[in-house]
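See below for the structure under consideration.
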Amino acid sequence: MIYELRKRGTSAMNIRSQNSSVATELPQAIARMSVEDATRLSRRSILKTGAAGLALGVYLARGGKAFAQQPPAASINITPNTFLIIGSDNTVTVLCKHIEMGQGPFTGMATLVAEELDADWSQMRADHAPSNPGLYKNLAFGVQGTGGSTAIANSFEQMRKVGASARAMLVSAAAAEWNVPAEEITVENGVIRHSSGKEGRFGEFAAKANQQPLPENPKLKDPSQFKLIGKEGVVKRLDSAAKSNGSAVYTMDINEPDMLTVLIARSPRFGGTVASFDASATKAIPGVVDVKQVPMGVAVYAKGFWAARKGREALKVTWDDSKAEKRGTGQLLSEFRMLSNTPGKVVKEEGAVDAEFAKGGGRIVEAEFVFPYLAHAAMEPLNSYLKWDGEKVVSRFGSQFPTPDMAVMAQVLGVKPENIDLKTILAGGSFGRRAQQTTHIAFELASVAKAIGPGPGVKVVWTREDDMRGGYYRPFALHRMRGLVRDKKIVAWTDTIVSQSIMKGSPFEAMTMKNGLDATVYEGSNEIPYDVENFRCDLHQVEIGVPVLWWRSVGHTHTGYAVEAFVDELLEAAGIDAVEGRLALMSKKPRHAGVLKAVAELSDWKNAKLAPGRARGIAVVESFNTFVAQVVELSMTDDGPKVHKVWCAVDCGVAVNPDIIRAQMEGGIGFGLGHILYADIPLEDGRPVSGNFDTYRSLRINEMPEIEVTIVQSTEKPTGVGEPGVPPIGPAVANALAKLGLKRPRQLPMVPGASV
Amino acid sequence: MTQLTLKINGQSHSIDADPDMPLLWAIRESVGLTGTKYGCGVAQCGACTVFVGGLPVRSCSMPVSAVGADEITTIEGLKSKEALAVQKAWVKLDVPQCGYCQSGQIMSATSLLEINAKPTDRDIDLAMNGNICRCATYVRIRAAIHDAAKSLEG
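Residue numbers (our numbering), protein chains in the order written: chain R, 207 to 962; chain U, 79 to 232.
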């Protein structure tokens with residue numbers, strides 16, 4: 207970390223960039239992103255030492271300091287590849303290509319490496335990899351980045367091969383040193399042993415291992431040999447200690463000498479621009495250094511946060527709203543409703559849905575579901591740091607998409623991409639916010655740096671209000687649904703969606719949009735897990751001047767609710783049990799059925815005797831190839847639903863870190879629950895109303911249910927868990943409310959105006 | 079600007095600050111102790127919790143000039159047996175996810191155990207509901223407080 211470097215008397219600018227192959231071809235690279243074979247480990251990605259190896263020594267020292275462990279500073283022994291560093295003190299530091307924002311990739315990547323390396327867990331460490339898309343690309347994206355719950359999924363074989371290769375090279379080095387056949391050497395818990403009694407540890411052999419040939423195709427363990435993967439109680443999070451004693455360093459904590467803290471006055475309406483401004487009062491505030499107009503508003507540069515904030519308060523800006531979005535959510539809702547009564551573009555159609563409804567007979571159920579704009583509101587508000595001398599750039603922040611971020615910084619600053627040293631550091635949450643299809647955070651950072659010119663480092667800080675009113679919301683969405691139940695069967699289903707595209711106009715458009723329709727809007731609605739013969743999902747993709755973004759579980763945040771609340775209502779209309787009824791319709795969905803059965807068993811769905819005033823509801827949603835079913839038990843209070851307990855079953859393929867999977871389910875449930883109950887960003891004349899946690903109510907500990915999680919045993923490829931815990935909780939709550947004789951909430955949040 | 083002396087974690091720090099500046103920024107930027115976090119600025123989230131005169135306060139909403147001679151304790155200066163038990167339980171149960179709110183959570187939990195050796199779930203709700211965790215690590219926060227209380231019994 208930069209702060210640590212300063213204390214060690216090293217200027218951050220002296221760190222040479224390791225980005226030897228920054229993608230100048232980036233926009234094209236993003237545009238043609240395709241899912242690569244995640245099992246392939248290119249020779250390039252397990253590079254022998256060289257320039258990169260030497261540079262890694264620097265990262266080693268910083269990594270150690272950042273986690274307040276004994277810095278292995280003396281150990282510049284570099285192991286054979288760029289994913290791990292073995293110190294002379296026997297520590298094994300895994301360079302994690304994914305951002306650690308709470309979801310656990312530091313621990314996950316280290317688990318995969320340690321398993322095949324036969325390391326002892328106590329010797330494992332982790333740090334973020336530097337930005338280098340050639341080496342550290344997400345194999346699911348083709349560029350370096352984290353998202354879509356892909357970290358474990360794309361790294362599972364890659365990181366195991368890293369560990370297996372390093373193990374083989376350590377063994378070869380020991381064999382040469384001891385003059386014994388390699389086959390006679392064993393490795394266990396970080397100790398290399400020969401039957402003659404000779405033994406040593408990784409640190410002694412790291413340098414010599416470096417001279418050994420890289421195994422072409424290192425043998426991986428059979429799952430029956432796993433000692434860490436999938437095991438309970440063996441692996442502990444690598445970042446817990448630093449996050450429990452205040453020593454973990456986030457972007458907000460960067461505090462470089464001469465650094466300027468920058469707050470930006472942004473348009474209160476999206477799309478507004480600066481007409482004019484008067485900075486005279488601002489410049490009179492002690493600590494304010496400069497004021498500059500930047501593309502996104504007016505930037506106040508100051509010595510510290512408080513001076514920047516007071517300076518910004520004193521600023522007089524006149525905004526030009528001629529191109530701004532001025533509609534409020536009330537008006538948007540009226541427009542959405544009108545549209546939803548007309549046919550949209552068909553996403554998927556099967557059977558003869560209109561004819562089936564026209565036949566008559568049976569019972570028609572109709573429902574309209576409305577979903578508000580939501581802010582991510584991670585605990586650490588948005589921020590970023592950059593220092594440049596006109597040529598070389600050092601940047602540190604919780605960059606979730608380093609490759610596109612770096613490309614835009616290079617463009618704005620007019621520097622060569624190889625002169626940008628961008629490193630992702632710990633982020634205080636993200637929920638999707640720190641990755642943007644527009645790379646606007648990196649663009650803003652570079653623009654702020656450029657406006658004041660080379661020299662002092664700039665730290666751009668968003669206040670909580672800036673963060674919450676800054677857009678990039680979960681899109682406002684409406685689902686108009688119609689279903690037909692006849693002879694205890696669901697025979698027809700339509701879902702007309704009105705919402706805004708996340709991907710349109712972005713570099714991700716080619717990858718995620720078909721026929722002009724954005725899959726992240728309808729995902730989960732077009733492929734429902736139920737056998738319904740006559741089916742249609744259509745979409746009105748509307749243009750609104752409010753920037754929107756993926757938000758933990760993306761389209762499933764609303765499609766999961768609409769589908770699962772609606773199927774439950776149809777089953778209720780047909781007089782069929784919510785679990786039995788779902789299972790009967792899941793003939794082609796064994797993994798959905800698997801988690802449903804597992805959660806029904808865990809919660810004793812069939813036989814549980816509930817206290818008076820309590821009811822249970824269930825929902826099952828697949829997202830990001832992970833299957834999650836949840837049962838809630840709740841009662842109704844004056845302050846809305848009180849969820850007492852949630853049972854959760856998850857099938858994420860091979861479970862790498864069971865305790866992190868449980869943690870992500872717990873967190874996903876709490877995150878989802880807080881939002882469906884309380885959260886809303888209403889717009890008044892285009893201006894976001896909620897600005898802080900007093901008006902954007904967040905779940906608190908007294909509202910958190912007890913949670914029990916079961917992980918379904920599976921031999922399928924591992925899939926992600928960061929997002930999939932979120933979608934089922936909302937509809938499960940709705941379905942429980944229906945059991946209490948209340949209506950399934952049609953408009954979220956369920957407790958409107960809870961804190962406004 | 080005013081010259082002020084703050085006693086933080088047993089050390090005196092002389093700083094030159096706007097008297098209206100919240101204590102949070104004095105701790106983080108003037109003194110350089112960054113374990114105490116900025117989350118909301120309006121005493122809603124608890125990420126900035128420190129002890130002033132032994133009691134938990136939201137440092138984002140307390141003017142630095144209002145502290146006077148009171149001793150300030152931050153996450154970096156926790157020493158009580160309750161604090162150490164809480165931190166140990168946090169690590170044992172792997173409570174943190176993103177970790178950004180956890181300094182504040184630990185300060186509030188420590189304060190709770192210092193006045194109530196055996197808190198009930200209701201006591202925990204009351205003591206901890208001023209601390210938001212957006213990762214919703216609340217299940218483990220609760221478990222860790224019980225675990226810490228138990229470890230202090232023996």
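Positions of the beta carbon are idealized from the N, C-alpha and C atoms, including for glycine.
Separation of residue j from residue i, as counted between CA atoms
{"i": "U/E107", "j": "R/V455", "result": "14 Å"}
{"i": "R/P713", "j": "R/V614", "result": "12 Å"}
{"i": "U/F129", "j": "U/T215", "result": "23 Å"}
{"i": "U/I219", "j": "U/L191", "result": "13 Å"}
{"i": "R/T916", "j": "R/E390", "result": "41 Å"}
{"i": "R/E363", "j": "R/G566", "result": "54 Å"}
{"i": "R/F542", "j": "U/H224", "result": "49 Å"}
{"i": "R/P339", "j": "U/K196", "result": "52 Å"}
{"i": "R/P587", "j": "R/N461", "result": "16 Å"}
{"i": "R/M500", "j": "R/M674", "result": "Contrary to the premise, residue 500 of chain R reads as Val rather than Met in this sequence. Cα-Cα distance, rounded: 20 Å."}
{"i": "U/I93", "j": "U/A205", "result": "32 Å"}
{"i": "R/R250", "j": "R/N416", "result": "Low confidence applies here, because R/R250 scores a pLDDT of 28, under 50, leaving its location unreliable and the question unanswered by this model."}
{"i": "U/K170", "j": "U/Q183", "result": "16 Å"}
{"i": "R/I935", "j": "R/G878", "result": "6 Å"}
{"i": "U/K166", "j": "U/A226", "result": "8 Å"}
{"i": "U/D96", "j": "R/D611", "result": "36 Å"}
{"i": "R/A616", "j": "R/A505", "result": "20 Å"}
{"i": "U/L156", "j": "R/F408", "result": "36 Å"}
{"i": "R/T763", "j": "U/A125", "result": "27 Å"}
{"i": "R/R686", "j": "R/E770", "result": "14 Å"}
{"i": "U/S138", "j": "U/T127", "result": "Correcting the residue identity first, residue 138 of chain U is Cys in this sequence and not Ser. Distance between the alpha carbons of U/C138 and U/T127: 8 Å."}
{"i": "R/N813", "j": "R/A320", "result": "44 Å"}
{"i": "R/W963", "j": "R/L345", "result": "Given that chain R is displayed from residue 207 to residue 962, the structure contains no residue 963 of chain R and the question cannot be resolved."}
Chain R contact residues for residue i, given Cβ-Cβ distances below 9 Å
{"i": "U/G117", "result": "M585, E586, P587, G634, R670 and F899"}
{"i": "U/G113", "result": "N451, G452, S453, A454 and D459"}
Under 9 Å by beta carbon: chain U residues contacting residue i
{"i": "R/E410", "result": "By Cβ distance, chain U contributes nothing, its closest Cβ being about 30 Å from R/E410, past 9 Å."}
{"i": "R/G926", "result": "Those do not exist, as R/G926 stays about 15 Å from chain U at its closest Cβ, beyond 9 Å."}
Interface partners of residue i on chain U, CB under 7 Å
{"i": "R/Q643", "result": "Here the premise fails: no neighbours, minimum Cβ distance about 22 Å."}
Interface partners of residue i on chain R, CB under 8 Å
{"i": "U/D203", "result": "I907 and N908"}
{"i": "U/R212", "result": "A583, A584, M585, G635, F637, F877 and S904"}
{"i": "U/I184", "result": "S450"}
{"i": "U/P197", "result": "Near U/P197 there are no residues of chain R at all, since even the closest Cβ is about 12 Å away, more than 8 Å."}
{"i": "U/R220", "result": "I907 and M910"}
N- and C-terminal bounds of the alpha helix (DSSP H) containing residue i
{"i": "R/N589", "result": "R/N589 -> not in any alpha helix (DSSP H); beta strand (DSSP E) instead, spanning N589 to W594."}
{"i": "R/P796", "result": "P796 to L808"}
{"i": "R/P339", "result": "P339 to Y342"}
{"i": "R/R373", "result": "A357 to W384"}
{"i": "R/R868", "result": "P864 to Y884"}
Cβ neighbour criterion (16 or more within 10 Å) applied to residue i
{"i": "R/P753", "result": "buried"}
{"i": "R/A561", "result": "exposed"}
{"i": "R/E839", "result": "buried"}
{"i": "R/G634", "result": "buried"}
{"i": "R/T609", "result": "buried"}
{"i": "R/A564", "result": "exposed"}
Neighbouring residues, chain R, relative to residue i (Cβ below 7 Å)
{"i": "U/I153", "result": "N451 and G452"}
{"i": "U/S181", "result": "G452"}
{"i": "U/Q165", "result": "S450 and N451"}
{"i": "U/T215", "result": "G873"}
Extent of the continuous beta strand (DSSP E) run through residue i
{"i": "R/F741", "result": "N740 to V748"}
{"i": "R/Y507", "result": "G503 to A508"}
{"i": "U/D225", "result": "Where U/D225 is concerned, there is no enclosing beta strand (DSSP E), although the alpha helix (DSSP H) it sits in stretches over Y216 to E231."}
{"i": "R/A825", "result": "A821 to S829"}
{"i": "R/M330", "result": "M330 to H334"}
{"i": "U/Q165", "result": "Per DSSP, U/Q165 belongs to no beta strand (DSSP E); it is in the alpha helix (DSSP H), K159 to K170."}
{"i": "R/V468", "result": "L466 to A471"}
{"i": "U/K115", "result": "Taken as a continuous stretch (DSSP letters only), U/K115 belongs to no beta strand (DSSP E), as it is neither H nor E."}
Contact list for residue i against chain U, beta-carbon separation under 8 Å
{"i": "R/Q309", "result": "Q175"}
{"i": "R/G880", "result": "A214"}
Distance cut-off 6 Å: residue i Cβ against heavy atoms of the ligand ZN
{"i": "R/V468", "result": "As for the ligand ZN, it is missing from this structure, which has no ligand bound."}
Pairs of beta-carbons, one from the region 545-555 of chain R and one from the region 660-678 of chain R, closer than 8 Å: are there three or more?
No contact exists between the region 545-555 of chain R and the region 660-678 of chain R.
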